[in-house]
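Novice:
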Amino acid sequence: MSTLLTERKSSNLTRGRLPGYASYVTAGAAVVLAAALMALAGFNVLGWAVLSGLLYAVGTVTSAAVVEGRRKAVDRLATALVVGAFLVALLPLVSVIITVLINGIPGLLAPGFLGTSMNGVSGIQDNQSVANHTTVLGGAYHALAGSVLITLWATLISVPIGLLTAIYLVEYGAGNKLSKAITFLVDVMTGIPSIVAGLFAAALFSMLLGPGTKTGFVAAIALSVLMIPVVVRSSEEMLKIVPNELREAAYALGVRKWRTIMKVVIPTAISGIASGVTLAIARVIGETAPLLVTAGFATTINFNVFSGWMASLPTFIYTQIMTPTSPSNPDPSTQRAWAAALLLILLVMLLNLAARLVARLFAPRKGR
Amino acid sequence: MSKRIDVSDLNVFYGDFLAVEGVNITLDAKSVTAFIGPSGCGKSTFLRTLNRMHEVVPGGRVEGSVLLDGDNLYADGVDPVLVRSQIGMVFQRANPFPTMSIRDNVLAGVKLNNRRISRSDADALVEASLRGANLWKEVKDRLDKPGSGLSGGQQQRLCIARTIAVKPDVILMDEPCSALDPISTLAIEDLINELKDQYTVVIVTHNMQQAARVSDKTAFFNIAGTGKPGKLIEFSETTTIFNNPVEKATEDYVSGRFG
Numbered sequence: 000m001s002t003l004l005t006e007r008k009s010s011n012l013t014r015g016r017l018p019g020y021a022s023y024v025t026a027g028a029a030v031v032l033a034a035a036l037m038a039l040a041g042f043n044v045l046g047w048a049v050l051s052g053l054l055y056a057v058g059t060v061t062s063a064a065v066v067e068g069r070r071k072a073v074d075r076l077a078t079a080l081v082v083g084a085f086l087v088a089l090l091p092l093v094s095v096i097i098t099v100l101i102n103g104i105p106g107l108l109a110p111g112f113l114g115t116s117m118n119g120v121s122g123i124q125d126n127q128s129v130a131n132h133t134t135v136l137g138g139a140y141h142a143l144a145g146s147v148l149i150t151l152w153a154t155l156i157s158v159p160i161g162l163l164t165a166i167y168l169v170e171y172g173a174g175n176k177l178s179k180a181i182t183f184l185v186d187v188m189t190g191i192p193s194i195v196a197g198l199f200a201a202a203l204f205s206m207l208l209g210p211g212t213k214t215g216f217v218a219a220i221a222l223s224v225l226m227i228p229v230v231v232r233s234s235e236e237m238l239k240i241v242p243n244e245l246r247e248a249a250y251a252l253g254v255r256k257w258r259t260i261m262k263v264v265i266p267t268a269i270s271g272i273a274s275g276v277t278l279a280i281a282r283v284i285g286e287t288a289p290l291l292v293t294a295g296f297a298t299t300i301n302f303n304v305f306s307g308w309m310a311s312l313p314t315f316i317y318t319q320i321m322t323p324t325s326p327s328n329p330d331p332s333t334q335r336a337w338a339a340a341l342l343l344i345l346l347v348m349l350l351n352l353a354a355r356l357v358a359r360l361f362a363p364r365k366g367r
Numbered sequence: 000m001s002k003r004i005d006v007s008d009l010n011v012f013y014g015d016f017l018a019v020e021g022v023n024i025t026l027d028a029k030s031v032t033a034f035i036g037p038s039g040c041g042k043s044t045f046l047r048t049l050n051r052m053h054e055v056v057p058g059g060r061v062e063g064s065v066l067l068d069g070d071n072l073y074a075d076g077v078d079p080v081l082v083r084s085q086i087g088m089v090f091q092r093a094n095p096f097p098t099m100s101i102r103d104n105v106l107a108g109v110k111l112n113n114r115r116i117s118r119s120d121a122d123a124l125v126e127a128s129l130r131g132a133n134l135w136k137e138v139k140d141r142l143d144k145p146g147s148g149l150s151g152g153q154q155q156r157l158c159i160a161r162t163i164a165v166k167p168d169v170i171l172m173d174e175p176c177s178a179l180d181p182i183s184t185l186a187i188e189d190l191i192n193e194l195k196d197q198y199t200v201v202i203v204t205h206n207m208q209q210a211a212r213v214s215d216k217t218a219f220f221n222i223a224g225t226g227k228p229g230k231l232i233e234f235s236e237t238t239t240i241f242n243n244p245v246e247k248a249t250e251d252y253v254s255g256r257f258g
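First to last, the sequence lines map onto chains X and Y.
Heads up: the first sequence is residues 0 to 367, going by numbering that gives the first Met the number 0.
Heads up: the second sequence is residues 0 to 258, going by numbering that gives the first Met the number 0.
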């Protein structure tokens, strides 16, 4: 009969390990030391943060090397590099969001920004608002409506073409020459500079309807040139991961191929396809270059994509910054541009959230 | 309904590769036939030619004839879809449609073909098929839940229910129990014994005890070596195959001495 051993006070298993509080001590020391060093060289927050990070990395790696040995030291070095790379990648994103929020919120909250267009707003009104410190008149309603309509039409054009192409590639092409050619061309199309897509649409419509044809629909065509390859690619990937067993199961029940695709393959993949489409929309809604050459610069509300110039958020931002409504007082225009930029980011963010929601809604339900 | 299948001089190809050579076999109506043999000998490939599923694989083609009560499946102008609605198939891995409920999975063969069916007929068909697959008692209270939530054995029986809901003449089973535990396997074997009264059943299995338990006749396939075509070595009553086979290869295989 053996007796139960009592637990040893200092375990053999934790010998040669840094205690849990060591990293906090190192971090504290690094922050203090960095502050001291920065005080000598002239203090700024960014430099302080970067220096603290570097000192912490050096401190933790050396202490690990001394106490815990080479393997742990390499582990901590790799961790420091990974976290550092993540922070560097995050920096521009956070910076952009903060800048747009700070500059955009006042304009976005200005009464009438979301409800009025730039119709009738000229340099005189802007000069008055600056002189009298009254609210900035004019808004981005026309641009918001234009962006939404143009993107909607682009989606209506791209999704059927893109989805059907993907279905051909996965279900019917199966590696034949035509499908290889299509895949190659789609890859090339993914890399087309957006301005080229704009020029293509502009040239096409100037040939069909006469030179200088600029409408929302021309812009929608330009955007769909950019959108189709994205839709094809994402849908193709989603269709590919539908297990072949499901197709065979349907065939074995005596179901025709096109019905199998319509009722088994697409419903199984629909969540991925829908979120892919939503991300493709988010990708083109911020396009500026193709809209500049296809939709013109409208200052009034236009709900008809088939006639007349149409504004959009990106071109609205561009014109407000490049040619302020009042050249002597550009501040109101700058404010409107930042507000429109914030609106655009919010729109893209909403679309991304919608993509997640759509993916979750359509996902095959698991459960008992 | 139940029909017999007569196969004569069947060669099965993947592209230029001859996978199965010169099969002549007769599968009786209302009987269970088991295909046994080592992996890669072409049992499953041959099984898939019996309802024209083989040609779903790119490059898959067939020479020879398969007669379903005298009608050649491979005659010109035969629609493979019609063939498959008369000869159903159950696969190795249970594959219920993940987007559909249990009820819709059973009705899949009807609904996917857009055939109109009244609510009461549909209910009757669901119950009859699930009862036929010995699954009704376990799922009758959760017909609207997804089929993917069932256990592996239940999923496989759901797939069998889905197959018999189309009212085929023949049911092909490609290692239906290879992913199941002994209890689920027993449930499916019992089911095969019941299905025999109404259908012609063909089952591919690696489990020789299973072949001995469920089948009336057994076909032994073998392959001479890698890259060579698989062949039907011996086909007769199951008791003959397992007790006094004619061929040496069969005897070696069923007694566990290979090669």
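For each residue, glycine too, the CB sits at the ideal point set by N, CA and C.
#1: Please list, in chain order, the residues of the segment 230-253 of chain X that have any C-beta partner in chain Y closer than 9 Å.
#2: Checking contacts by CB at 9 Å: is residue 447(X) closer than that to chain Y?
#3: How should residue 238(Y) be labelled, buried or exposed, when 16 other C-beta atoms within 10 angstroms of its C-beta is the threshold for buried?
#4: Along chain B, which residues have their Cβ under 8 Å away from the Cβ of residue 12(Y)?
#5: So residue 189(Y) packs on residue 43(Y), CB below 8 Å; how close in whole Å?
#6: With DSSP as the reference, identify every bridge partner of residue 71(Y), one or two as the case may be.
#7: At least one CB of chain Y closer than 9 Å to the CB of residue 262(X): is that the case?
#8: Can you tell me whether DSSP reads residue 24(Y) as helix, strand or coil?
#9: Which residues in chain Y have a C-beta closer than 7 Å to the C-beta of residue 173(X)? List them in chain order.
#10: Report, in whole angstroms, the separation of the C-beta atoms of residue 293(X) and residue 201(X), which I expect to be a contact under 8 Å.
#11: I'd like to know if residue 158(Y) contacts chain X, where contact means its C-beta is closer than 9 Å to some C-beta of that chain.
#12: Verify whether the separation of the beta carbon atoms of residue 93(Y) and residue 151(Y) is less than 9 Å.
#13: Against residue 84(Y), what residues of chain X qualify as contacts under a CB-to-CB distance less than 8 Å, listed in chain order?
#14: If I follow the unbroken beta strand (DSSP E) through residue 293(Y), where does it start and stop?
#15: Should residue 163(Y) and residue 199(Y) be called a contact, given that it needs their Cβ atoms to be closer than 9 Å?
#16: Please report the straight-line C-alpha distance between residue 245(Y) and residue 256(Y), rounded to a whole angstrom.
#17: I want to verify the contact list: residues of chain Y whose CB lies under 7 Å from the CB of residue 258(X), in sequence order.
#18: At 7 Å on the CB atoms, spell out the chain X contacts of residue 102(Y), in chain order.
#19: Whose Cβ in chain X lies nearer than 9 Å to the Cβ of residue 80(Y)?
#20: Are the C-beta atoms of residue 88(Y) and some chain X residue less than 9 Å apart?
#21: Please work out which residues of its chain come closer than 7 Å, Cβ to Cβ, to residue 17(Y), disregarding the five sequence neighbours upstream and downstream, and give them in chain order.
#22: Please list the terminal residues of the continuous beta strand (DSSP E) segment that includes residue 218(Y).
#23: Applying the criterion that 16 or more other CB atoms from any shown protein chain within 10 Å of the CB defines a buried residue, is residue 215(X) buried or exposed?
#24: Helix or strand or just coil, what does DSSP make of residue 87(Y)?
#25: Does the CB of residue 107(Y) have a neighbour CB from chain X at under 9 Å?
#26: So residue 92(Y) contacts chain X; which residues on that side make the cut at Cβ distance below 7 Å?
#27: Just to confirm my understanding: we take residue 169(X), look at its own chain, exclude 5 residues before and 5 after, and list those with CB closer than 7 Å. What are they?
#28: Taking contact to mean 3 or more Cβ pairs, one atom from each stretch, closer than 8 Å, check whether the segment 174-184 of chain X and the segment 241-259 of chain X are in contact.
#29: Counting only runs that start and end within the segment 231-282 of chain X, where is the alpha helix (DSSP H) found for 4 or more residues in a row?
#30: Where does the unbroken alpha helix (DSSP H) through residue 140(X) begin, and where does it stop?
#31: Is residue 187(Y) helix, strand or coil when you go by DSSP?
#32: Answer yes or no: do residue 218(X) and residue 290(X) have a C-beta to C-beta separation smaller than 9 Å?
#33: How long is the line joining the alpha carbons of residue 353(X) and residue 280(X), rounded to whole angstroms?
#34: Kindly list the residues whose CB is nearer than 7 Å to the CB of residue 104(Y), restricted to its own chain and excluding five residues on each side of it in sequence; keep chain order.
#35: Which term fits residue 85(Y), buried or exposed, when burial requires 16 or more other beta carbons within 10 angstroms of its beta carbon?
#36: Count the other CB atoms, across all protein chains shown, that sit within 10 Å of the CB of residue 83(Y); report buried if there are 16 or more and exposed otherwise.
Specialist: Taking the coordinates as given:
#1: If the cut-off is 9 Å between Cβ atoms, the segment 230-253 of chain X has 242, 243, 244, 245, 246, 247, 248, 249, 250, 251, 252 and 253 near chain Y.
#2: For residue 447(X) there is no data in the structure shown, the boundaries of chain X being 0 and 367.
#3: The residue is exposed, with fewer than 16 neighbouring Cβ atoms inside 10 Å.
#4: You won't find chain B in this structure, because its protein chains are X and Y.
#5: Residue 189(Y) to residue 43(Y), Cβ: 23 Å. No contact.
#6: According to DSSP, residue 71(Y) bridges with 66(Y).
#7: With 9 Å as the cut-off, residue 262(X) counts as an interface residue toward chain Y.
#8: In the structure shown, residue 24(Y) falls within a strand segment according to DSSP collapsed to helix, strand and coil.
#9: Chain Y residues near residue 173(X): 57.
#10: In this structure residue 293(X) is in contact with residue 201(X), their Cβ atoms being roughly 5 Å apart against a cut-off of 8 Å.
#11: Using beta-carbon distances, residue 158(Y) counts as an interface residue toward chain X, with a partner under 9 Å.
#12: Contact flag set, yes.
#13: Under the 8 Å cutoff, chain X gives 252 and 253.
#14: Since the first residue of chain Y shown is 0 and the last is 258, residue 293(Y) is not available in this structure.
#15: In this structure, residue 163(Y) sits away from residue 199(Y), with a CB-CB distance that is not shorter than 9 Å.
#16: Per the coordinates, the alpha-carbon of residue 245(Y) lies some 16 Å from the alpha-carbon of residue 256(Y).
#17: The answer, in chain order, is 111 and 112.
#18: Near residue 102(Y) there are no residues of chain X at all, since even the closest Cβ is about 14 Å away, more than 7 Å.
#19: In chain order: 250, 253, 254, 255 and 256.
#20: Closer than 9 Å to some Cβ of chain X, the Cβ of residue 88(Y) qualifies, so yes.
#21: Only 10 and 228 meet the Cβ criterion.
#22: Run containing residue 218(Y): 216-222, per the beta strand (DSSP E) assignment.
#23: So residue 215(X) ends up on the buried side.
#24: Here residue 87(Y) carries a strand assignment [DSSP, helix/strand/coil].
#25: At a cut-off of 9 Å between beta carbons, residue 107(Y) contacts chain X.
#26: Result: 244.
#27: Within the same chain, 235, 238 and 239 come within 7 Å of residue 169(X) by CB-CB distance, once the 5 residues on both sides are set aside.
#28: The segment 241-259 of chain X and the segment 174-184 of chain X do not touch, with fewer than three beta-carbon pairs separated by less than 8 Å.
#29: Taking 4 residues as the minimum length, the alpha helix (DSSP H) runs contained wholly in the segment 231-282 of chain X are 243-251 and 256-259, in order along the chain.
#30: 140-166 is the span of the alpha helix (DSSP H), which, as asked, contains residue 140(X).
#31: Residue 187(Y): helix per DSSP, three-state reduction.
#32: Yes, Cβ-Cβ distance for residue 218(X) and residue 290(X) is below 9 Å.
#33: When only Cα atoms are considered, residue 353(X) and residue 280(X) end up about 11 Å apart.
#34: Only 95, 96, 146, 157 and 161 meet the Cβ criterion.
#35: Buried: at least 16 other Cβ atoms inside 10 Å.
#36: Buried.
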